[in-house]
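**Student:** Take a look at this one; I'll ask things after.
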Amino acid sequence: MEVQKKYVNIQLLDGNGGAKEITEKDISRAMALPSGIIWLHLDLTQAADFLNEYQIIPEKIIDMLCAQETRPRILVLDNGMLATFRAINLNKGQKPEDMTSIRMWLTERLIITVKRRNLHSIAEINSMLRLNAGPCATSEFLNILLMHITEHTDQLVDGYDGKLDDIELAIKKDRSIVLSDRVNAICKKIIKIRRYILPQREAILAISANKLSWLSDEDVFELKQVLDANMRLLEDLDAMKDRSLIIQNEIHAYEQTQMNQRMYILSMISVVFIPLGFITGLLGINVAGIPGAESHYGFIIVCAILALIMVGYIAIMRKIRWI
C-alpha cells in the first residue's frame, strides 16, 4: 500500500456505485476486464513520472495534463476528453478564493484526475463510493464533480453577498463608519473568482457541444443544469461587483462631502480673520505710533472696530448665501 499513499488513490469503480482500491500492478489487468472504470487520482508533483512509467495514456496528453499553469478548458481527443477546472480552496488555513485546479483525462473506462492541492469535491465522491452511492459511469463522475464544484462556489458567493448586506446595513446606521477597506477586499475576491468561472462556463458548454460516445442525452441534460448554475453564478458575481462599486461610490461621496464641509468651515474662518489680521498687522508696523495708544480706551476701541468689521463680513456673507 506504499504506492497508494505515494500516488494518492487508485480505485476500480464497479459500475454500481461502489469501488475497491487497487495497486498500480493491477491497472493493466483491470483494463482488460469487460467492465469497471479505473480511477487514478494523482498528485501533480508525481503524476508525470507515474503516467510515463506505466504508459497508461499518450505522452502528449501527459504533458497537457501535468502542465504547471492551467485555465479552465476542455480538449477532445480520440473519444477521450482532457478537462481542467477550478474549485474553491476549502483547505484549512488557505484562502477560498485562491481556487485550486483539477485536471482530468476521461474516457469511457478510465478516469485520471491530477490535483495540486486537496479538493473537497474529490473527497465527497470518495465518501459516496464508500457508501456504494457513487458514480456508475465516467459521465456521471464528471457531472457529480462539476455539481460539487459549483455548489461550493455558490456557497462562497452567497457568503460574500451576505457580507455586502452587513456593510450596507452598517452604513445606513452610521455613515461615519469606515468600511471601504472591507468593500475593496470583497470586490477583489469577486473579481478573482469570476476570472475562472467565466472560462469554466465556456468549458462546460463545450462539453455538451462535443459528441462523445460515453455521453448520453441524459448526461448532456445534466451538464446543462450545471451550465445554468454556472451562468447564474456569473450573473450573481457581476451583480455583486456592481453592488460593491456602488457601495464604494457612496462611501467615497460621503467622505468627499465631509471633506468639503471641513474645507468650507476653514475657508469661512480664513475669510473672516485674515482681513482682521491684516488690520492688526498694519497697526503693529505703524512706526509713527499706533492711533489711540495713549488712550486708556484705545484697546477697547480697536477691539470694537474689529468686532464690527467681523459682524459686517458675516452679514455680507449671509446675504450672498456663502454661509
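Quick note on our numbering: the sequence shown kicks off at 59 and runs consecutively. We put the beta carbon where it would ideally sit given N, CA and C, even for glycine. Since we're looking at a predicted model, the values are computed, not measured.
#1: Would you be able to state if there are at least three C-beta pairs under 8 angstroms between the segment 293-305 and the segment 211-231?
#2: Using only alpha-carbon positions, find the residue among Ala311, Pro116, Lys83, Val215 that is nearest to Lys247.
#3: Apply the 10 Å Cβ neighbour rule to Cys124 and answer buried if 16 or more other Cβ atoms are within range, or exposed otherwise.
#4: Measuring CA to CA, which of Glu117, Phe279, Ile115 is closest to Met205?
#5: Could you pull the DSSP bridge partners for Phe143 from this structure?
#6: Using a Cβ-Cβ cut-off of 8 angstroms (strictly less than) and excluding sequence neighbours within five positions of Val241, which residues of its own chain qualify?
#7: Pick out the complete alpha helix (DSSP H) segments inside the segment 159-245, 4 residues or longer, and give them in chain order.
#8: Reducing DSSP to helix, strand and coil, say where Thr268 ends up.
#9: Please report the residue range of the beta strand (DSSP E) in which Asn67 lies.
#10: To the nearest angstrom, how far is the alpha carbon of Lys377 from that of Leu324?
#11: What do you reckon, are the CB atoms on Leu168 and Ile96 nearer than 8 angstroms?
#12: Thinking C-alpha only, which one of Ser266, Ile183, Ser238, Ala297 is nearest Asp286?
#13: Can you name the start and end residues of the beta strand (DSSP E) that Lys78 belongs to?
#14: Report the three-state DSSP secondary structure of Leu102 (helix, strand or coil).
#15: Contact check, Ala261 vs Ala141 under 8 angstroms by CB: the rounded distance?
#16: For Gln69, which residues from the same chain have a beta carbon less than 6 angstroms from its beta carbon, with the 5 sequence-adjacent residues on both sides left out?
#17: Between Asp136 and Ser238, what straight-line distance do the alpha-carbon atoms span, to the nearest angstrom?
#18: Exposed or buried, Val369, counting other C-beta atoms within 10 Å across all chains shown (16 or more means buried)?
#19: Are the segment 191-203 and the segment 114-121 in contact at 8 angstroms, needing three or more beta carbon pairs?
#20: Express the C-alpha separation of Ala297 and Asp101 in angstroms, rounding to a whole number.
#21: Quick check on Leu135: does DSSP put it in helix, strand or coil?
#22: In this structure, what does DSSP give as the bridge partners for Ile96?
#23: Under 6 angstroms Cβ to Cβ from Ile255, same chain only, skipping five residues before and after it: list those, please.
#24: Give the range of the alpha helix (DSSP H) segment to which Arg376 is assigned.
#25: From the DSSP output, in three-state form, read off Asn318 for me.
#26: Within its chain, find whatever has a CB closer than 6 angstroms to the CB of Cys245; leave out the 5 residues flanking it on each side and keep chain order.
#27: If the criterion is Cβ atoms closer than 8 angstroms, does the pair Gln258 and Phe143 meet it?
#28: Can you tell me where the alpha helix (DSSP H) with Ala125 in it begins and where it stops?
#29: Hey, how far is the Cα of Val329 from the Cα of Ala365?
#30: Just the C-alpha distance for Tyr371 and Lys231, rounded to the nearest angstrom, thanks.
#31: So for Ser302, helix, strand or coil by DSSP?
#32: Checking 8 angstroms against the spacing of the C-beta atoms, do Asp277 and Asn201 come in under that value?
#33: Between Arg131 and Ile251, what straight-line distance do the alpha-carbon atoms span, to the nearest angstrom?
#34: Find the nearest neighbour of Lys282 within the set Trp163, Asn268, Ile332, judged by alpha-carbon distance.
**Tutor:** Checking against the coordinates, here is how it stands:
#1: yes
#2: Val215
#3: buried
#4: Selected option, being the one with the closest Cα: Phe279.
#5: Ile160
#6: Leu222, Ile225, Ser302, Ile305, Gln306, Ile309
#7: 178-188, 196-231
#8: A small correction: the amino acid at residue 268 is Asn; Thr does not occupy that position in the sequence shown. Taken through DSSP and simplified to helix, strand or coil, Asn268 comes out as coil.
#9: Per DSSP, Asn67 belongs to the beta strand (DSSP E) from 67-71.
#10: 19 angstroms
#11: yes
#12: Ser266
#13: Counting along the chain, the beta strand (DSSP E) containing Lys78 begins and ends at 77-79.
#14: Three-state result, Leu102: helix.
#15: 7 angstroms
#16: Ala77, Glu79, Trp97
#17: Approximately 52 angstroms between the Cα atoms of the pair.
#18: exposed
#19: no
#20: 36 angstroms
#21: strand
#22: Leu70, Leu168
#23: Leu291, Leu292
#24: 356-377
#25: helix
#26: Ser302
#27: yes
#28: First-last for Ala125: undefined, no H or E at that position.
#29: 14 angstroms
#30: 39 angstroms
#31: helix
#32: yes
#33: 16 angstroms
#34: Asn268
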